[in-house]
Amino acid sequence: MPPRKRARQTALEDAPEPAPKSPLPLDANTKGVFDLPDEIWLEILSHFSSVRIPTLRLNDAPLLSSSTLEREHALRALTQTCRAFRAFLLPELWVRFEVLSASTGQQNPDDFDIAGAWYRDIAEALEKRSNGLRQSPYHANYVRIVSVALTRCKPATALDAFVRCLKVLPNLHTLQILRAHSQMTTHLKNAFGQHKIPQVRTIVLPDYAHNVLRACPEVRVVMCNCEEGSKLIGAIAKECKKVQVLRGFYPNVNMMKSMSMRFGYSGKIHCSLASYVGIVRGVPNLEEISMGCSDVKIIEMLSPLKHLRAIEICVVSQALSNKESGREYALEIIKCLTAAKKILLNKTNGKNENEKKQIWLRVRHHESRHGKATVKEVPLGL
Numbered sequence: 019m020p021p022r023k024r025a026r027q028t029a030l031e032d033a034p035e036p037a038p039k040s041p042l043p044l045d046a047n048t049k050g051v052f053d054l055p056d057e058i059w060l061e062i063l064s065h066f067s068s069v070r071i072p073t074l075r076l077n078d079a080p081l082l083s084s085s086t087l088e089r090e091h092a093l094r095a096l097t098q099t100c101r102a103f104r105a106f107l108l109p110e111l112w113v114r115f116e117v118l119s120a121s122t123g124q125q126n127p128d129d130f131d132i133a134g135a136w137y138r139d140i141a142e143a144l145e146k147r148s149n150g151l152r153q154s155p156y157h158a159n160y161v162r163i164v165s166v167a168l169t170r171c172k173p174a175t176a177l178d179a180f181v182r183c184l185k186v187l188p189n190l191h192t193l194q195i196l197r198a199h200s201q202m203t204t205h206l207k208n209a210f211g212q213h214k215i216p217q218v219r220t221i222v223l224p225d226y227a228h229n230v231l232r233a234c235p236e237v238r239v240v241m242c243n244c245e246e247g248s249k250l251i252g253a254i255a256k257e258c259k260k261v262q263v264l265r266g267f268y269p270n271v272n273m274m275k276s277m278s279m280r281f282g283y284s285g286k287i288h289c290s291l292a293s294y295v296g297i298v299r300g301v302p303n304l305e306e307i308s309m310g311c312s313d314v315k316i317i318e319m320l321s322p323l324k325h326l327r328a329i330e331i332c333v334v335s336q337a338l339s340n341k342e343s344g345r346e347y348a349l350e351i352i353k354c355l356t357a358a359k360k361i362l363l364n365k366t367n368g369k370n371e372n373e374k375k376q377i378w379l380r381v382r383h384h385e386s387r388h389g390k391a392t393v394k395e396v397p398l399g400l
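So for the sequence shown, the numbering used here puts the first residue at 19; every next one is plus one.
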């Protein structure tokens, strides 16, 4: 019996290993869900929560809720299901690079521990993911949209890694800075000052992140998501000569005065002149502007812009519903709309005199202090 046992063991050891199974071709699954048109899949994915461009933080929460990661989590799970899903959905997974949501499962902005170390987690995640993406050109080619939150934690390493990552994203076209501390202007200048990111065409950022805007000379669309936007106008005038669309700006006469001094005008300030040396010289190719304004004088400042074809005035519904000042506010908005219509009707373009011009009234309604904002756009036409 012992010799037979040893012989059986020797025979098993000498047996050849089974040949590995050949991988299935990518088109092996062609029935059922795999046969759905691409448009159906994209429509399904659109119903998962994701970060919008632009997006707003509710109640000044430092980060977004983890619910904004639904789309990323769903795509990551699907790409690990089979080769057919991976081949189709991997580009959709990596089309966005986002570091601005909580990873601890909070669903409500009120759940964030402001006194906690969320800023350290964000800085470490930004540095780690930026370095990883920079070392993976295969995935970097897919990235089109970048949305991040910037903090003062570890600025020398985190911001440097982020800037170097942006430079190796050949197909990047949209950059969104959800938040940046108002006292990190110097950090941003040190990080972005010696770099250029020419592939960016659309940028969303707060006013005090203007040093990021200076590094994007080819940008066409600029959206301000915090403060009135005067510093961004200054950056546009010096570094971004091709801007065509401004959104989220809240101009006032003082802003225009400061811009006029910045552009070298000294003397008595008139609204129209301040506009000319500020907005007109700073953004000469402006075609569309969206701003919160209830002062007809500010609207009249736009008249010298030669290429202007669309004006959007943003109002907050709560201001209209106020019993004491709502009527007066509504009358001022009507005056602004009338002035905007007059400006656009007087515009002529030598290349296309029949070019369509449009006035939009955007009404934003906050259902509650922490609730989502409902936006209604009303095209008024000409």
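For glycine and all other residues, C-beta sits at the position ideal for the given N, C-alpha and C.
Residues bridged to residue i [DSSP beta-bridge criterion]
i, result
"residue 117", "166"
"residue 263", "239, 306"
"residue 82", "119"
Nearest-angstrom Cβ-Cβ length linking residue i and residue j, presumed shorter than 8 angstroms
i, j, result
"residue 199", "residue 170", "5 angstroms"
"residue 347", "residue 338", "6 angstroms"
"residue 264", "residue 196", "At roughly 19 angstroms, the Cβ-Cβ gap does not stay under 8 angstroms, so residue 264 and residue 196 are not in contact."
"residue 362", "residue 323", "Not confirmed; about 10 angstroms, so no contact."
"residue 233", "residue 205", "Not a contact, Cβ separation roughly 14 angstroms."
"residue 116", "residue 69", "6 angstroms"
"residue 92", "residue 66", "5 angstroms"
"residue 237", "residue 258", "5 angstroms"
"residue 376", "residue 328", "5 angstroms"
"residue 141", "residue 174", "Contact flag wrong, Cβ pair sits at about 11 angstroms."
"residue 181", "residue 143", "Contact flag wrong, Cβ pair sits at about 16 angstroms."
"residue 109", "residue 160", "5 angstroms"
"residue 312", "residue 351", "6 angstroms"
Close beta carbons around residue i, own chain, < 6 angstroms, minus the five adjacent residues each side
i, result
"residue 228", "249, 250, 253"
"residue 179", "145, 148, 149"
"residue 191", "162, 219"
"residue 104", "97"
"residue 129", "Any reading at residue 129 is ruled out, since the residue's pLDDT is 44, under 50, leaving its predicted position unreliable."
"residue 39", "Interpretation of residue 39 is limited by its pLDDT of 44, a score under 50 that renders its predicted location unreliable; the figure taken from the coordinates is listed afterwards. If we look at residue 39 and ignore the five residues flanking it on each side, it has no Cβ neighbours."
"residue 193", "164, 218, 221"
"residue 241", "72, 222, 265, 266"
"residue 82", "118, 119"
"residue 268", "246, 310"
"residue 301", "254, 261"
"residue 172", "141"
"residue 374", "none"
"residue 63", "none"
"residue 306", "263, 328"
"residue 88", "66, 67"
"residue 137", "169, 171"
Residue i - containing beta strand (DSSP E), residue span
i, result
"residue 328", "328-334"
First through last residue of the alpha helix (DSSP H) which encompasses residue i
i, result
"residue 146", "136-152"
"residue 71", "Neither: residue 71 is in no alpha helix (DSSP H) and is coded neither H nor E."
"residue 56", "56-63"
"residue 91", "88-97"
"residue 311", "Premise fails: residue 311 is in no alpha helix (DSSP H) and is neither H nor E."
"residue 250", "248-257"
"residue 106", "101-112"
"residue 157", "155-158"
"residue 354", "344-363"
Same chain only: Cβ atoms within 7 angstroms of residue i, ignoring 5 sequence neighbours per side
i, result
"residue 203", "226, 229"
"residue 357", "314, 317, 318"
"residue 215", "184, 185, 233, 234"
Within-8 angstroms CB hit, residue i to chain C
i, result
"residue 211", "Included in the structure is just one protein chain, with no chain C present."
Residues near residue i by beta carbon distance below 8 angstroms, same chain, minus five either side
i, result
"residue 157", "112, 151"
"residue 231", "221, 223, 237, 240, 250, 253, 254, 257, 258"
"residue 90", "68, 111, 114, 116"
"residue 7", "The requested residue 7 does not occur in the structure, where the chain is confined to residues 19 to 400."
"residue 155", "186"
Ignoring anything shorter than 4 residues, give me the alpha helix (DSSP H) runs that lie fully in the region 163-233, in order along the chain. 173-185, 203-210, 228-232
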